[in-house]
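*Asks:* Below are the structure tokens for one structure; questions will follow.
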Amino acid sequence: MSEIKRENVKDFLRWAFLSKGEPDPMDDEELEEYIAEIEKLLNRKLEPGRGSAKCLRLTLEKVDTYHRSLIWYLCVFIVDIAASSRLRYHSFDFYRTSLLRFPTIFPFRPLGLISPYRSPAETLTYWHRPHTSKTKLPILFIHGIGIGLYPYVNFLAELNVDEQTDGSDGQLGIIAVEIMPISFRITSEALQKDQMCQEIHRILKAHNWEEFVLVSHSYGSVIATHLLHTPQIAQKVSSILFIDPVSFLLHLPDVAYNFVYRKPIRANEHQLHYFASKDMGVSHTLYRRFFWAENILWKEDIQCRHVTVVLGGKDLIVNTEAVVAYLTDAANGSRETGSWKDGVWKGDGLDVLLFRELDHGQVFDKKKNETEAESKSDLGGK
1 MSEIKRENVK
11 DFLRWAFLSK
21 GEPDPMDDEE
31 LEEYIAEIEK
41 LLNRKLEPGR
51 GSAKCLRLTL
61 EKVDTYHRSL
71 IWYLCVFIVD
81 IAASSRLRYH
91 SFDFYRTSLL
101 RFPTIFPFRP
111 LGLISPYRSP
121 AETLTYWHRP
131 HTSKTKLPIL
141 FIHGIGIGLY
151 PYVNFLAELN
161 VDEQTDGSDG
171 QLGIIAVEIM
181 PISFRITSEA
191 LQKDQMCQEI
201 HRILKAHNWE
211 EFVLVSHSYG
221 SVIATHLLHT
231 PQIAQKVSSI
241 LFIDPVSFLL
251 HLPDVAYNFV
261 YRKPIRANEH
271 QLHYFASKDM
281 GVSHTLYRRF
291 FWAENILWKE
301 DIQCRHVTVV
311 LGGKDLIVNT
321 EAVVAYLTDA
331 ANGSRETGSW
341 KDGVWKGDGL
351 DVLLFRELDH
361 GQVFDKKKNE
371 TEAESKSDLG
381 GK
């Protein structure tokens, strides 16, 4: 703590609130106001000068990545073929982009050439199952960092299981958007916030979705946050299911440190570090597209909707304890508006489902966990 001095704090504030790396005399007055408020909170003066401490300024630092072998991308190709085959088996249709964009994703995707369905978006591809249910709302699903939709196929398939034995209600419609820059591919850089929202809006408009349920996993909660901050899309969101969300309490260092800066020790940390954090597309997205002020989600942003948040008690990325305390108001010593029962906290429009023994993403490893998450959130209910 002795090495965190006045200029060190200014460096952090300059990045966090002004998105700048170099000092600018025009900003001095504003920064001094921030420093004064911090000193009031600390009840002491910050020592003048600059210490040896360095703050985490993700978007200003050099992109750190590892190169992958051709064998690695062959494995990605095989997994993509497997995921595509399974999704087609479960009656999903693939919506490709223009044929001119076919060479822009490696490994190449055969469906990008032969699919008869064309995405209304310029760069986003997605999988779609038509919505015919009269009692359920369709679902927009946004995946997290990983190898694409492969880990989620069983989850998406289970969402499509008709609860009525006679099938009279029709099927639950799903749009599963693919975010290629975070799916271990060599492709173009991730879209900016406004571009992403515009393309998703085109997709929703093309399928005449006026109301839907928003479901996201991990980094997908960042895209979900952007959608909720876009009025023309937010008004169509009926309810939300967040699984392992990273957007809550993003002003704290946990997510950035655990995903990017932490030196791996345990097996799951090495897996995250090598296969995810250092992938070139993932790394570029985090270093050049991950702006905390744009991506953070507050409880006030999700009011007036039914929201379910699913968390793992042993999450290696998210500070689960802090997020649970924030969502349930435990940080303020108040839990009058909700109660815990069998790992579920029921609040006023906000439910928290806690799997105490699960790590990040492990909710998709077992059908039992997926089914519980689906049932507790009442997905698709009008």
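Per UniProt numbering, numbering of the sequence shown is gapless, rising by one per residue and ending at 382.
C-beta: ideal position from N, C-alpha, C; glycine also.
Measuring only the C-alpha atoms, how far is LYS367 from GLN192?
*Replies:* 35 Å
*Asks:* Taking 9 Å as the cut-off, decide whether the C-beta atoms of SER119 and ASP169 are in contact.
*Replies:* no
*Asks:* Just checking my contact of PHE355 with VAL363 at CB under 8 Å: how many whole Å lie between their CB atoms?
*Replies:* 6 Å
*Asks:* With LEU159 as the anchor, note down where its beta strand (DSSP E) starts and where it stops.
*Replies:* Taken as a continuous stretch (DSSP letters only), LEU159 belongs to no beta strand (DSSP E), being part of the alpha helix (DSSP H) at 153 to 159.
*Asks:* Which residues in the same chain have their Cβ closer than 8 Å to the Cβ of ILE81, if we skip the five residues on either side of it in sequence?
*Replies:* PRO110
*Asks:* Which of the three DSSP states is assigned to ILE296 in this structure?
*Replies:* coil
*Asks:* Taking all protein chains shown into account, do 16 or more other C-beta atoms lie within 10 angstroms of the C-beta of THR320, making it buried, or fewer, making it exposed?
*Replies:* Buried, because 16 or more other Cβ atoms sit within 10 Å of the Cβ of THR320.
*Asks:* What is the C-beta distance between LEU159 and ILE174, in whole angstroms, given that I count them as a contact (C-beta under 8 Å)?
*Replies:* 6 Å
*Asks:* Against chain C, with Cβ distances strictly below 9 Å, would LEU297 count as a contact?
*Replies:* You won't find chain C in this structure, because it holds only one protein chain.
*Asks:* Apart from the five residues on each side of it in sequence, which residues of its chain come closer than 7 Å, Cβ to Cβ, to GLY313?
*Replies:* THR320, LEU354, PHE355, ARG356, GLU357, LEU358
*Asks:* Entirely within the UniProt domain "AB hydrolase-1" (139 to 251) and at least 3 residues each: give me those beta strand (DSSP E) ranges in chain order.
*Replies:* 139 to 142, 174 to 178, 212 to 217, 237 to 243
*Asks:* Given this structure, state the Cα-to-Cα distance separating ARG335 from GLY349, to the nearest angstrom.
*Replies:* With a pLDDT of 47 at ARG335, under the threshold of 50, the predicted position of this residue should be treated as unreliable, and no value is reported.
*Asks:* Identify whether LYS366 lies in helix, strand or coil by the three-state DSSP scheme.
*Replies:* The answer is coil: DSSP assigns LYS366 none of H, G, I, E or B.
*Asks:* Here's the rule: buried if 16 or more other CB atoms are within 10 angstroms of the residue's CB, otherwise exposed. What is ASP342?
*Replies:* ASP342 is exposed by the Cβ-count criterion.
*Asks:* Can you tell me where the beta strand (DSSP E) holding HIS270 begins and where it ends?
*Replies:* Premise fails: HIS270 lies in the alpha helix (DSSP H), 267 to 271, not in any beta strand (DSSP E).
*Asks:* Measure the C-alpha to C-alpha separation of TYR126 and SER2 and round it to an integer number of angstroms.
*Replies:* 51 Å
*Asks:* Between which two residues does the alpha helix (DSSP H) harbouring ARG96 extend?
*Replies:* No alpha helix (DSSP H) contains ARG96, which is instead part of the beta strand (DSSP E) from 93 to 96.
*Asks:* Are the beta-carbon atoms of ASN268 and LEU316 separated by less than 9 Å?
*Replies:* yes
*Asks:* Assign VAL282 to one of three DSSP states: helix, strand, or coil.
*Replies:* helix
*Asks:* Could you check the C-alpha separation between LEU297 and SER247 for me, to the nearest Å?
*Replies:* For the pair LEU297 and SER247, the Cα-to-Cα distance works out to about 5 Å.
*Asks:* Give a yes or no on whether the C-beta atoms belonging to HIS128 and TYR117 are separated by under 9 Å.
*Replies:* yes
*Asks:* Specify, as a first and last residue, the run of the beta strand (DSSP E) that VAL318 falls within.
*Replies:* It is not in any beta strand (DSSP E) - VAL318 carries neither H nor E in the DSSP assignment.
*Asks:* Leaving out five residues on either side along the sequence, give the residues of the same chain with a beta carbon under 6 Å from the beta carbon of PHE12.
*Replies:* CYS55
*Asks:* How should LYS10 be labelled, buried or exposed, when 16 other C-beta atoms within 10 angstroms of its C-beta is the threshold for buried?
*Replies:* buried
*Asks:* To which residues does DSSP link TYR126 through a beta bridge?
*Replies:* TYR95, VAL177
*Asks:* So the alpha helix (DSSP H) VAL9 belongs to, where does it begin and stop?
*Replies:* According to the DSSP assignment, VAL9 belongs to the alpha helix (DSSP H) that extends over 6 to 18.
*Asks:* Which residue from THR135, ARG202, GLU61, PHE275 puts its Cα closest to that of GLN171?
*Replies:* THR135
*Asks:* Report the three-state DSSP secondary structure of ARG101 (helix, strand or coil).
*Replies:* helix
*Asks:* Between the segment 228 to 239 and the segment 260 to 277, do three or more beta carbon pairs fall short of 8 Å?
*Replies:* no
*Asks:* Measure the CB-CB distance between PHE77 and PRO107 and report whether it falls below 9 Å.
*Replies:* yes
*Asks:* Below 8 Å on the Cβ atoms is my guess for VAL307 versus SER221; work out the distance and round it to an integer in Å.
*Replies:* About 11 Å separates the two Cβ atoms, so there is no contact after all.
*Asks:* Taking the straight line between their C-alpha atoms, what separation do you get for VAL255 and VAL318?
*Replies:* Spanning the two alpha carbons is a distance of roughly 6 Å.
*Asks:* Helix, strand or coil: how does DSSP classify ASP351 here?
*Replies:* strand
*Asks:* On a CA-only basis, which of PHE17, ASP64, HIS226, LYS40 is nearest ALA276? Give me that one, please.
*Replies:* ASP64
*Asks:* Are the beta-carbon atoms of TYR95 and SER115 separated by less than 9 Å?
*Replies:* yes
*Asks:* Classify GLY333 as helix, strand or coil using the three-state DSSP reduction.
*Replies:* With a pLDDT of 48 at GLY333, under the threshold of 50, the modelled position of this residue cannot be trusted; read the value that follows with caution. Per DSSP, reduced to three states, the secondary structure at GLY333 is coil, with no helix or strand assignment.
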